[in-house]
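Engineer: Sharing a structure here in structure tokens format.
Number of protein chains: 2
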Amino acid sequence: MPNQADRYEALRLRLIDAAERTISESGLAALKARALARAAGCSVGTIYNVFEHLDELILCVGSRTLAMLDGALAGVQSASRRRSAEAAADDLVRLALAYLEFAAAHIVRWRALFEHRMSEARPLPEWYVQQQHALFAQAERPLLLLLPELDTDARRILARTLFSAVHGVVALGLEEKLVSLPLSDLRNQLAATVRAIAAGRAELRSIDGVGGRTDRQRR
Amino acid sequence: MPNQADRYEALRLRLIDAAERTISESGLAALKARALARAAGCSVGTIYNVFEHLDELILCVGSRTLAMLDGALAGVQSASRRRSAEAAADDLVRLALAYLEFAAAHIVRWRALFEHRMSEARPLPEWYVQQQHALFAQAERPLLLLLPELDTDARRILARTLFSAVHGVVALGLEEKLVSLPLSDLRNQLAATVRAIAAGRAELRSIDGVGGRTDRQRR
Chain A
378 MPNQADRYEA LRLRLIDAAE RTISESGLAA LKARALARAA GCSVGTIYNV FEHLDELILC
438 VGSRTLAMLD GALAGVQSAS RRRSAEAAAD DLVRLALAYL EFAAAHIVRW RALFEHRMSE
498 ARPLPEWYVQ QQHALFAQAE RPLLLLLPEL DTDARRILAR TLFSAVHGVV ALGLEEKLVS
558 LPLSDLRNQL AATVRAIAAG RAELRSIDGV GGRTDRQRR
Chain B
378 MPNQADRYEA LRLRLIDAAE RTISESGLAA LKARALARAA GCSVGTIYNV FEHLDELILC
438 VGSRTLAMLD GALAGVQSAS RRRSAEAAAD DLVRLALAYL EFAAAHIVRW RALFEHRMSE
498 ARPLPEWYVQ QQHALFAQAE RPLLLLLPEL DTDARRILAR TLFSAVHGVV ALGLEEKLVS
558 LPLSDLRNQL AATVRAIAAG RAELRSIDGV GGRTDRQRR
């Protein structure tokens, strides 16, 4: 016979499963406590015994999405073993294209990752922030080959900046309203942009770590 | 004594003004028909005599935001009259930084531009799409200097892609949860990314117009 801790854990999983179904099929706005409780076979009040607030439940689903994305990106790196700037550029392009494929294939739950804001200005929990960082870190290995002279901090920040640039092209590209392109053209645009950044990498050397300055005088 | 057309137009403006105040102070989610009607001195039903749906009213506010942004970007180009690739790269960096400044200074209404989705899968009206295109077109002039060999279609699409990349760095950079950086560091990251793209521009030559292919065999 299951003890109370088991029952609690089973209910917790049922709630996350139900929230995941709703978020991945209908998006964040469709998530309602009443429907969740019905799907998981508990009362609305019980949800708040298991999760401190709905944000926590949403982050548990976000964490699953991040894990899926992490797996999709981890699969694409370094078909070759070459340790050259070209191999690094190829890896960055592969990562960017894998990000686009993931977003296109899971667009509803992927959007929910970015639409969600914590209520009442609560901070994101540390475990979730760490999971995000692990995702960005996938771009750090090719950056180490591409710009070996950057220090660890600068490389970490640059990885996030490149992720953001790729995210922007993917996000606005998949919003038909802004940039209406067939997926194959979007792939070309994204790959060319990442290749240009890699080819122009000398310009990225001026990036310092957090709090640093690039007091380079230009022209 | 004002005639009916004048009264209608005055009410229309009061409604847009009221919606603009709400959206720029509290964001899209705070917009409620009842509060709008109260602020404009009309009934809720009257709103739907003036605007076909709330989306139309939201787009009128979006149009004002786009016009502000357009003005902010138009002010920064071509301090110099040099017609060189370096001058073009400088202009692209200036545009990107002006976009960042605008977003940071008007973050609530700027976010609303991207959060808004038309309900019931209505298409965006053509006048709004044209206004967006005019905004992207600001990047086309420097691109003409940077990559004179691109045809008009390819340049137009590339301008939107670069806008998207810049938007991504700005949007995730201003979301503290993802990339928590002081604004000065975010400026450096953004400028370095745009300079890298400009320096690696040879990679962008492979971009074709809509429906085109870049069947370039790489390595």
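Which chain is which? The protein sequence lines are A and B, in order.
Note that my numbering has the first sequence beginning at 378, numbered continuously upward.
Note that my numbering has the second sequence beginning at 378, numbered continuously upward.
Glycine residues also receive a C-beta, built at the ideal position from the N, C-alpha and C atoms.
Which value, in whole angstroms, describes the spacing of the CA atoms of Ser401(B) and Ser461(A)?
Structural biologist: Answer to the nearest angstrom: the Cα atoms are 48 angstroms apart.
Engineer: When the distance is taken between beta carbons, is Thr538(A) closer than 8 angstroms to Thr570(B)?
Structural biologist: Yes; because the gap between Cβ atoms is below 8 angstroms, this pair is in contact.
Engineer: What three-state label does DSSP hand Leu550(B) in the structure shown?
Structural biologist: First, the amino acid is wrong: residue 550(B) is Gly here, not Leu. Helix at Gly550(B).
Engineer: Taking only three categories from DSSP, how would you classify Asp447(A)?
Structural biologist: Helix.
Engineer: From Ile424(B) to Leu392(B), what distance separates their C-alpha atoms?
Structural biologist: Straight-line Cα distance between these residues: approximately 8 angstroms.
Engineer: Does the beta-carbon of Ala575(B) have 16 or more other beta-carbons within 10 angstroms, so that it is buried, or is it exposed?
Structural biologist: Flag for Ala575(B) reads buried.
Engineer: Grab me the residues of Met445(B)'s own chain with a C-beta within less than 8 angstroms of its C-beta, minus the 5 sequence neighbours each way, in chain order.
Structural biologist: Once the five neighbours on either side are set aside, the close Cβ partners of Met445(B) are Phe479 and His483.
Engineer: Mind checking if Leu549(B) is an interface residue toward chain A, Cβ cutoff 8 angstroms exclusive?
Structural biologist: Chain A contact via Cβ: present.
Engineer: Tell me whether the stretch 539–546 of chain A and the stretch 523–531 of chain A touch, counting them as touching only if at least three CB pairs, one residue from each stretch, are closer than 8 angstroms.
Structural biologist: Taking 8 angstroms as the limit for Cβ pairs, the verdict is that the stretch 523–531 of chain A does not touch the stretch 539–546 of chain A.
Engineer: Do the CB positions of Asp447(B) and Ala511(B) come within less than 8 angstroms of each other?
Structural biologist: Closer than 8 angstroms, so yes.
Engineer: Output the boundary residues of the alpha helix (DSSP H) element that contains Phe513(B).
Structural biologist: Glu503 to Phe513 is the span of the alpha helix (DSSP H), which, as asked, contains Phe513(B).
Engineer: Report the CB separation of Glu386(B) from Arg441(B) in whole angstroms; it is logged as a contact under 8 angstroms.
Structural biologist: About 16 angstroms separates the two Cβ atoms, so there is no contact after all.
Engineer: What first and last residue would you give for the alpha helix (DSSP H) that runs through Arg564(A)?
Structural biologist: Leu560 to Ala576 is the span of the alpha helix (DSSP H), which, as asked, contains Arg564(A).
Engineer: Please classify Gln381(B) as buried or exposed, where buried requires at least 16 neighbouring CB atoms within 10 angstroms.
Structural biologist: Gln381(B) is exposed by the Cβ-count criterion.
Engineer: Check this for me: beta carbons of Val546(A) and Leu520(A), under 8 angstroms apart or not?
Structural biologist: Not closer than 8 angstroms, so no.
Engineer: I'd like to know if Ile574(B) contacts chain A, where contact means its C-beta is closer than 8 angstroms to some C-beta of that chain.
Structural biologist: It does; some Cβ of chain A falls within 8 angstroms.
Engineer: To the nearest angstrom, report how far apart Glu526(A) and Glu433(A) are at their CA atoms.
Structural biologist: Between Glu526(A) and Glu433(A), the C-alpha separation is close to 40 angstroms.
Engineer: Output yes if chain B places a C-beta closer than 8 angstroms to the C-beta of Leu558(A); else output no.
Structural biologist: So, interface residue.
Engineer: Alpha carbon to alpha carbon, how far is Ala481(B) from Ala473(B)? Give it in angstroms, no decimals.
Structural biologist: Whole-angstrom Cα-Cα distance: 12 angstroms.
Engineer: Can you tell me whether Arg486(B) is buried or exposed, with buried defined as 16 or more other CB within 10 angstroms of its CB?
Structural biologist: Buried: at least 16 other Cβ atoms inside 10 Å.
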